[in-house]
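Quick note, the sequence shown lines up with residues 1 to 132 if you use the working numbering.
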Amino acid sequence: MTAGLSIHQRLLPALKAVLANTWWLELPARPTWPAAVFSVETAPEPGWCAGGGYDAHDATVIVLSRSAVELDTLLPTSGGGSVRAAVEAMEHYQWEVGCEDADYEDDPQVYARALIVRLRTPRFITAKDTTP
1 MTAGLSIHQR LLPALKAVLA NTWWLELPAR PTWPAAVFSV ETAPEPGWCA
51 GGGYDAHDAT VIVLSRSAVE LDTLLPTSGG GSVRAAVEAM EHYQWEVGCE
101 DADYEDDPQV YARALIVRLR TPRFITAKDT TP
């Protein structure tokens with residue numbers, strides 16, 4: 001079986017296409033704005049369809065900006081925005097779980113918003129299959 005890209009390897013370029021300053025898990029020590037950081041929780045879904053073999057990925061994307069207007073352009077809570085469009089265009093996108101305001105504790109002058117989406121992939125393209 002040929003290993004495919006992990007969900008992280010698929011999500012990072014999709015986000016970087018609309019927000020180049022995107023990071024997996026945590027921002028650098030001295031971040032610039034706007035920025036995004038994402039994490040993924042994965043669980044097997046053996047009963048999702050006949051034959052099983054799928055993983056559900058709940059991806060949380062946090063977008064940060066020093067401007068509320070810029071944040072609303074990148075990721076409005078009510079739908080739309082370039083970040084949401086990039087994720088929705090992904091092949092394995094299923095649905096939006098939610099979108100809400102978030103905190104950036106390192107700097108209270110930074111606005112943040114979290115988008116949580118469900119992605120689903122066949123098990124053969126998960127990270128465990130791409131590790132040597």
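For glycine and all other residues, C-beta sits at the position ideal for the given N, C-alpha and C.
Values in this document were obtained by computation on a predicted structure and should not be read as measured data.
For the stretch 16-95, the continuous alpha helix (DSSP H) assignments of 4+ residues that do not extend past its boundaries occur at 68-74, 82-88, in sequence order. In this structure Met90 does not touch Ala43 by the C-beta definition: roughly 18 Å separates them, more than the 8 Å allowed. Counting along the chain, the unbroken beta strand (DSSP E) around Arg113 starts and ends at 111-122. Cβ neighbours of Ala86 within its own chain (closer than 7 Å, five residues either side excluded): Ala14, Leu15, Ala17, Val18.
One thing to note: Arg120 has its Cβ no nearer than 8 Å to the Cβ of Leu75. Ala68 and Asp55 have their C-alpha atoms some 35 Å from each other. With 16 or more other Cβ atoms inside 10 Å of its own Cβ, Val37 counts as buried. In this structure, the straight-line span from the alpha carbon of Arg66 to that of Thr73 is close to 13 Å. Of the candidates Ala35, Val83, Pro31, Glu70, the residue whose Cα lies closest to the Cα of Ile116 is Val83.
With contacts defined as CB atoms closer than 8 Å, Leu11 and Val40 qualify as a contacting pair. CA-CA distance, Cys99 to Glu105, rounds to 19 Å.
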